[in-house]
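Novice: Have a look at the structure that comes next, please.
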Amino acid sequence: AASRPGAGAYAGGVARPPSPPTMVGRGDEFAAPEPPARSRRTIAAMMVTGGVLAVLLGIMLAYSLSSPFDGGDAAPPNGGAGTSAAEASPTEAESPSPSPSPSPDVSSIVGQLDAVIDNAQVNGKRERDLRNRLNELREAINRGDAGRIRDRINSLKEKAEDFADDGDLDQQSADQIVSLLDQLEDQLGV
103 AASRPGAGAY
113 AGGVARPPSP
123 PTMVGRGDEF
133 AAPEPPARSR
143 RTIAAMMVTG
153 GVLAVLLGIM
163 LAYSLSSPFD
173 GGDAAPPNGG
183 AGTSAAEASP
193 TEAESPSPSP
203 SPSPDVSSIV
213 GQLDAVIDNA
223 QVNGKRERDL
233 RNRLNELREA
243 INRGDAGRIR
253 DRINSLKEKA
263 EDFADDGDLD
273 QQSADQIVSL
283 LDQLEDQLGV
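Counting in the working numbering, the sequence shown runs from 103 upward without gaps.
Shown next, in the form of structure tokens:
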């Protein structure tokens, strides 16, 4: 007697159908995914950027605290003849000054020096040297530092005479610079 397969039996070679999906389980697979953890590179990059910003902030703070905050003692980059940092009132009173504030005559003389250097027949490198020395003189006048004023005047005189001797500056301009610096010395009493 051959037996027949039962109701739950399958014929050979037929796969059993999969069970229907159910939602039974812990529920973790249905929760919102967690954000990925930041990589160490990202954290390191943020730390380096923060450190650089902190250093730059410290440098800017130190610079702003070390220089007078009157806004007028910085010479313009082109050194225009009509502008003069000597016209700004100095804010520092720690060092003794030859005069409380530069008089109009002092400002006028410094402006004339600017004009002479602008109009002088001098090569570019020598002109920049004269202009830098004049800007240093302006700063010394604004700070009222008599010793530095005297040094800057002497330095500017020597350079003008040396450049004229070397043929890098016309003699007339050199004579005008020395004459104006003599007037400035008399005016400031240094």
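All C-beta atoms, glycine included, are put in the ideal place defined by N, C-alpha and C.
Look at the Cβ atom of D272, then the Cβ atom of A222, and state whether they are nearer than 9 Å.
Specialist: It is a contact, given that the beta carbons lie within the stated cut-off.
Novice: Quick one: Cα of L290 to Cα of V208, how far?
Specialist: Taking the straight line from one Cα to the other gives about 8 Å.
Novice: Just reading off the alpha helix (DSSP H) that I250 is part of, what are its end residues?
Specialist: According to the sequence as given, residue 250 is Arg; it is not Ile. Per DSSP, R250 belongs to the alpha helix (DSSP H) from A248 to D268.
Novice: Nearest by alpha-carbon distance to N225: which of L159, S275, I145 and S168 is it?
Specialist: Checked all of L159, S275, I145 and S168; the closest Cα to N225 is S275.
Novice: Can you tell me whether DSSP reads V292 as helix, strand or coil?
Specialist: Here V292 sits in coil by DSSP.
Novice: Taking the alpha carbon of R240 as the point to measure from, which residue in L155, D253 and E229 has its own alpha carbon closest?
Specialist: That would be D253, whose Cα lies nearest to the Cα of R240.
Novice: Compare the beta carbon distance of V212 and I243 with 9 Å and say whether it is the shorter of the two.
Specialist: Yes, the pair counts as a contact, with Cβ atoms nearer than the cut-off.
Novice: State buried or exposed for L215, treating a residue as buried only when at least 16 other CB atoms are found within 10 Å of its CB.
Specialist: Buried, since its Cβ has 16 or more Cβ neighbours within 10 Å.
Novice: Just to confirm the assignment, what range does the alpha helix (DSSP H) spanning L232 have?
Specialist: Per DSSP, L232 belongs to the alpha helix (DSSP H) from G226 to R245.
Novice: Return the CA-CA distance between L258 and G269, expressed in angstroms with no decimal places.
Specialist: Roughly 16 Å separates the two Cα atoms.
Novice: Cutting at 8 Å between CB atoms, please list the residues of its own chain near R142, excluding the five before and the five after it.
Specialist: Within the same chain, R142 has no close Cβ partners at all.
Novice: Just mark S121 as buried or exposed, buried being the case when its beta carbon has 16 or more other beta carbons within 10 Å.
Specialist: S121 should be labelled exposed.
Novice: To which residues of the same chain is D284 closer than 7 Å at the C-beta, ignoring the five residues directly before and after it?
Specialist: Same-chain partners within the cutoff: there are none.
Novice: Rounded to the nearest angstrom, what separates V157 and A164 at their Cα positions?
Specialist: Spanning the two alpha carbons is a distance of roughly 11 Å.
Novice: Do you know offhand how far R233's Cα is from G153's?
Specialist: One C-alpha to the other measures close to 38 Å.
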